[in-house]
Amino acid sequence: MRRKRLDSVKSKVSDMFDLPKDITLNLPRISMTGNNQMLIENHKGVIEYTPERIRINSTIGVIRLQGTEMNLRNIAADDIMVTGGIKSIEFI
Amino acid sequence: MIFMRIWNYLTGYLVIRVDGLSLEKFINLAVTNGIYLWGINRQSYTSLTACIGISGFRKLHSINRKLHCRIRILEKRGFPFTAYRYRHRKLLIAGMLIFLAILYGFSAFIWSVEVEGNEQVSKETLINELLELGVRPGAFKGRINTLQIENRLVIDIPQLSWANLEIRGSRAILRVAEGVKPPPIINKDIPANIVATKDGIIDKMIVLDGLAKVKVGDTVKKGQLLISGIIEHPETIGLRYVRAMGQVIARTWYEGRDSLRFDDTYRKRTGNTAEIKYFGLGDFRFPYKKDEVPFVEYDMEVTTKGLIRTEVYHEVELIPWKDDINSAKAILARSAEAKAKADMPPGAKIVDKKLKYDIIEGESITAVLYIEVLEDIGMQQDIDVQ
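In order, the protein sequence lines correspond to chains A and B. So that you can map any letter, position 85 of the first sequence is 86 in our numbering, and since no number is skipped, the others follow by simple counting. So that you can map any letter, position 178 of the second sequence is 217 in our numbering, and since no number is skipped, the others follow by simple counting.
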């Protein structure tokens, strides 16, 4: 309950000062190029990785990607780049 | 991205295959320990391939202690591995070092001299001057004191007002600016007349000071008084001496003529060429492209660019002028014009040109060119008052 209140205050403050929310709220930043490249910054690790399904942990929950012949182009401490045919993204 | 790839190549990387049950855990652990992985490809449920840097691979073992994955190296890529493979080839390494040494050694010399910005002063003058000061292809860069040479150039060639010598790599680039000399100071105290320097018909007169003695349309002879510096006033008896000033624009004529004998021959290029190319410097040149030169009569053109010298041989036919009167006429017209223009002052404006050919049958052809120009024919001449 307290956490939620804190988050809503943070959200309002960052709206007020026009600050990027991915930094103030510690949210993952996801950018896609078409349907074949996806960059996830600020992740919390890989839960599952198969060419058909990738699950990545983040602060807002698990991000599930489904597709074909996906692979991890590169992976570093805070960003993952996925390439291949991405069909769906779900936040669960 | 390309930068990353070059960096990875230079530092070297490995393609590894990891077999195990908890591959996601492996990836996460690697990442949290600061190991950068790329090109991860899941082969099957229990195996994946990935690329990893050399330093990352060293750290991998401590992680793997907990996971018990099997890690195998599939490939080693990058410069450190290539270099390691060639470590016994001493001559190859020696060759590389010699190559670098030669490259470094040659870059200590000047290979070409360029000149920019000259308008009145010819390129040859400047290059010859530079040659005397020691800037030439083959000169050692360390010996060249650009500041001193710049100063010398400006002193030695009076037309230059500024010179800048830049040594860029193996090129010496000379940039110059030519100054306009101030006009000579006119001493207005000495009275003078303006007289004609040439025969001509006056087209326009602008008298600034003095008394005009001729008018527009008059024919004047060389040396004739045009504007007088002695002014007689009709009402007072006294004379007034001034320095006459003004412009006297007159029509003048120039003639240029040139002739050719019909029996003389000229060299007409047939269009067949052969080429010999040399590589080297000075006396040490060796041909690397050599065509046969089967021509009896030929003209040779030599061009040198850097280390490459090209000799082009053009086959020529000797043709007597009477067989090709049109080319003879064209050549004569050009040389007659050049001769006529040689006498012309730079400010002259060409009004009319008349060209005619005198042909003496079986003997010679002469081109005569008359050029009518407008020019200032006035010249100041001091008056001796006594």
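Beta carbons: idealized from backbone N, C-alpha and C, even for Gly.
Close partners of Thr51 (chain A) in chain B (Cβ separation under 8 Å): Arg81, Tyr84. Glu153 (chain B) and Arg175 (chain B) have their C-alpha atoms spaced approximately 10 Å apart. The beta-carbon of Val63 (chain A) is placed no less than 7 Å from the nearest beta-carbon of chain B. Taking the C-beta atoms as reference points, Gln286 (chain B) is found no nearer than 7 Å to Ile347 (chain B).
Residue ranges of uninterrupted beta strand (DSSP E) with 3 or more members, entirely inside the stretch 179 to 232 of chain B and ordered along the chain, are 199 to 207, 210 to 217. Remark: fewer than three beta-carbon pairs, one from each stretch, lie closer than 8 Å, so the stretch 127 to 138 of chain B and the stretch 77 to 85 of chain B are not flagged as touching. Collapsing the DSSP output to three states places Asn365 (chain B) in a helix. A Cβ-Cβ separation of about 4 Å places Lys243 (chain B) in contact with Ile288 (chain B) under the 8 Å criterion.
Per DSSP, the beta-bridge partners of Pro326 (chain B) are B:Tyr317.
Within a 10 Å sphere around the beta-carbon of Ser200 (chain B) sit fewer than 16 other beta-carbons, which makes this residue exposed.
For Tyr143 (chain B), the uninterrupted alpha helix (DSSP H) run begins and ends at 129 to 145, by DSSP. Glu63 (chain B) belongs to the set of residues whose beta carbon lies under 7 Å from a beta carbon in chain A. For Asn67 (chain B), the neighbours in chain A by C-beta distance under 7 Å run, in chain order, Gly46, Val47. Scanning chain A for C-beta atoms nearer than 9 Å to the C-beta of Gly78 (chain B) yields Asn72, Leu73, Arg74, Asn75, reported in chain order.
Val10 (chain A): not part of any beta strand (DSSP E); member of the alpha helix (DSSP H) spanning 3 to 17, first to last residue.
Chain A has no Cβ within less than 7 Å of the Cβ of Val351 (chain B).
Residues of chain A whose Cβ lies closer than 8 Å to the Cβ of Gly117 (chain B) do not exist; the shortest such Cβ separation is about 16 Å. In this structure, Gly92 (chain B) sits near Tyr52 (chain B), with a CB-CB distance shorter than 7 Å. Residue pairing of Leu265 (chain B) in beta bridges, as defined by DSSP: absent, with no partner found. Contact annotation: Asp257 (chain B) and Ile241 (chain B) have beta-carbon atoms nearer than 7 Å.
Taking 7 Å as the threshold, the shortest C-beta distance from Tyr75 (chain B) to chain A falls below it. In this structure, Val234 (chain B) and Met418 (chain B) form a Cβ contact; the two beta carbons are roughly 6 Å apart against a cut-off of 8 Å. In this structure, Ile188 (chain B) lies away from Leu170 (chain B), with their beta-carbon atoms at least 7 Å apart.
Secondary structure note for Val70 (chain B): its alpha helix (DSSP H) is the uninterrupted segment 62 to 71. By the rule that beta-carbons nearer than 7 Å mark a contact, Val54 (chain B) does not touch chain A.
Within the DSSP secondary-structure output, Asn80 (chain B) pairs in a beta bridge with B:Thr88. When beta bridges are read from the DSSP output, Leu357 (chain B) appears opposite B:Arg306.
Nearest CB-CB separation between Val57 (chain B) and chain A: not below the 7 Å threshold. By the rule that beta-carbons nearer than 7 Å mark a contact, Val152 (chain B) does not touch chain A.
Scanning its chain for C-beta atoms nearer than 6 Å, with the 5 sequence neighbours on each side dropped, one finds around Lys361 (chain B) the residues Phe301, in chain order. Pairing Val83 (chain A) with Leu20 (chain A), the inter-Cα distance amounts to about 27 Å. Nearest C-alpha to Thr185 (chain B) among B:Phe318, B:Arg207, B:Pro197: B:Arg207.
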